[in-house]
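Contents: one structure, followed by commentary.
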Amino acid sequence: MAINVITKPSKLPVELADIKAHLRVTSNDEDGYIADLIEAATNIAQDEMNRALITQTIEEYLPRFPTGSTIELERAPVQSVSSIQYYDTDNNLQTYSSTNYEVYTELTPARIALLNTASWPSTYAKDKAVIITYVAGYGNDQDDVPQDIKLAIRALVEHYYEHRGIMEAVPNVTLKNIPKSFDYITLKYKVHHV
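If you use the working numbering, the sequence shown corresponds to residues 16 to 209, in order.
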């Protein structure tokens, strides 16, 4: 499955001022750099956990409908499913009626379950034959994101901030020894798929 964030979050899960206080940075000289680190750490955390932190709209792509009756969505927590679209066998974009399925957002990962009276339609052979659009995230505000996830992001920002010289000296190299607290927290929240 491939995903694309089509409506980005309105904010990041941690504030620049909070990170600067954590790093004990008092000047504004590095605000742009620190903001970039916050965004990078947030993206890494979301990818590691298969979670969306602040509310965002996601498109998830499938090459076809499953042979079974359920689809597990890649990112959690899911707030709602907006639509399921697909390319029919003539390569025309269609919308699959929401009366044919139920959405279980309370599960992790969230699931779309086909009703017993329905069947998945046939699709055109292409990588993105099925497009599921949904809203995911803990909420619209930083306070909605679990505190320990925000601590993991702070730890990763601090790590990259303190090791910037090494990263700048060796381009395209990622440091392997990221903070154990980041690993522990992201593993705790990781969404596992069957």
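A virtual CB, placed ideally from N, CA and C, is assigned to each residue, including glycine.
Cross-strand partners of residue i (DSSP beta bridge)
| i | result |
| --- | --- |
| LEU77 | VAL145 |
| GLU19 | In the sequence as displayed, the identity of residue 19 is Asn instead of Glu. Note: ASN19 sits in a beta bridge opposite GLU74. |
| THR110 | GLN100 |
| GLY47 | In DSSP, GLY47 forms no bridge with anything. |
| THR85 | ALA128 |
| VAL160 | Answer is none; VAL160 lacks a bridge partner. |
Buried versus exposed, by CB contacts within 10 Å (16 or more), residue i
| i | result |
| --- | --- |
| TYR48 | exposed |
| ILE164 | buried |
| THR110 | exposed |
| ALA17 | exposed |
| PRO3 | Only positions 16 to 209 of the chain appear in this structure, which leaves residue 3 out of reach. |
| ASN43 | exposed |
| ALA36 | exposed |
| THR41 | exposed |
| ALA56 | buried |
Straight-line gap, residue i to residue j (C-alpha atoms, nearest Å)
| i | j | result |
| --- | --- | --- |
| ALA144 | LEU130 | 21 Å |
| LEU38 | ILE147 | 40 Å |
| GLY154 | TYR199 | 23 Å |
| PRO161 | ARG179 | 27 Å |
| VAL209 | THR132 | 25 Å |
| LEU27 | ASP156 | 9 Å |
| ALA60 | TYR176 | 16 Å |
Residue closest to residue i, alpha-carbon to alpha-carbon, out of the options
| i | options | result |
| --- | --- | --- |
| TYR159 | ASN106, ALA67 and LYS205 | A small fix is needed here, since residue 159 is Asp in this sequence, not Tyr. Ranking the options by Cα distance to ASP159, first place goes to ALA67. |
| VAL150 | THR22, ALA17 and ARG79 | THR22 |
| LEU77 | ALA140, ILE53, ASP44 and LYS195 | ALA140 |
| ASN19 | ASN58, SER112 and ALA36 | ASN58 |
| LEU202 | ASP46, ASP44 and GLU63 | GLU63 |
| PRO194 | VAL96, ALA167, ARG79 and LYS205 | ALA167 |
| ARG79 | TYR175, SER134 and TYR204 | SER134 |
| PRO136 | ASN65, SER25, ALA32 and THR82 | THR82 |
| ASN65 | ASP33, GLY152 and PRO24 | GLY152 |
Any non-hydrogen atom of the ligand HEM closer than 6 Å to residue i Cβ
| i | result |
| --- | --- |
| ASP159 | Although the ligand HEM was asked about, the structure shown includes no ligands whatsoever. |
Cβ pair count under 8 Å reaching 3, the segment 163–174 against the segment 117–126:
Contact fails: fewer than three Cβ-Cβ distances are below 8 Å.
Would you call the segment 81–94 and the segment 120–138 in contact, with 3 or more CB pairs under 8 Å?
Short answer: they touch.
Taking 8 Å as the threshold, find out whether the segment 106–114 comes into contact with the segment 71–78 through three or more Cβ pairs.
Counting Cβ pairs under 8 Å, fewer than three are found: no touch.
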